[in-house]
Structure formats: C-alpha cells, structure tokens
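Here the numbering used here is used: the sequence shown runs in plain steps of one and ends on residue 216.
Built from N, CA and C at the ideal position, the CB exists for glycine as well.
Note that the structure is a prediction, hence the values are computed from the model and not measured.
Notes for the one structure printed next.
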Amino acid sequence: MAKIEVFPNPAPQRRYIIEHVNNEFTSVCPITGLPDFGIVTVRYIPDKMCMELKSMKYYFFEFRNKGIFYEAVTNKFLDDFVEICQPIEMEIVTEWKTRGGMNSTITAKYTKNNDVITL
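Now the structure itself:
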C-alpha cells in the first residue's frame, strides 16, 4: 500500500474538523468484477498529526483494481487512517453510485479511547 504521509498539526491547542472528499473513488466488486464508483468523505479532529493529501490520493488509487466490498473498504480506510494519524475523532463515509437500482452509504466512526460508537 502507498504510505500516507503526515505532518504536525499546526493548531494542536484547538479542536477543529478536517474534511477531505474524494469524488472519484473506484474499486471492483469482488463478485461481479465490475467497477464500483463512490465518493469517500474523511472527516476528523486531529490530535498531533494531520494527513497529507497527495499521499492520500495515491493510497486511494491502489484500490482501483482491487476486489473489495463497500463495507470492507470503508472499515479499512478507518483502520488505516486512525493508525496513521491517531486522531481524536474520525468518521469515514462512503457513498456508492447506483447499480441494479440500489445505492449504498456506509459510515464508520472512531473516537479516541472509546472506539465503540452507537448509531
């Protein structure tokens, strides 16, 4: 996997929200082999580190030909990003384009020191 770079939070004394949106995410359905198109929103409150955008773009590119379910890729993003930047809070939302008359939205959340979230 591409390594996501991080940099020091320029305002660690303040809680603020960073939101990155990838409007052109693609992966592959592991059953049909057809492409899946989605929007990935990464929203987090940084602690000591922030994620760098160019390296995130290359990370997302690596899924272009990977067979993976919506639920799995959403949770993988959360696991990988939390490990990389250790945020105070993080939420990943993936919104998938309509296929076969249905579309899906998957949300995964993390809170530091309490990673169990009740929806």
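Residue burial annotation: E188 is buried, with at least 16 other C-beta atoms found within 10 angstroms of its C-beta.
As the crow flies, the alpha-carbon of K173 is around 12 Å from that of T191.
Between I115 and S152, the CB-CB gap reaches or exceeds 8 Å. DSSP places T202 in the uninterrupted beta strand (DSSP E) bounded by 199 to 208. Within the same chain, G164 come within 8 Å of G130 by CB-CB distance, once the 5 residues on both sides are set aside.
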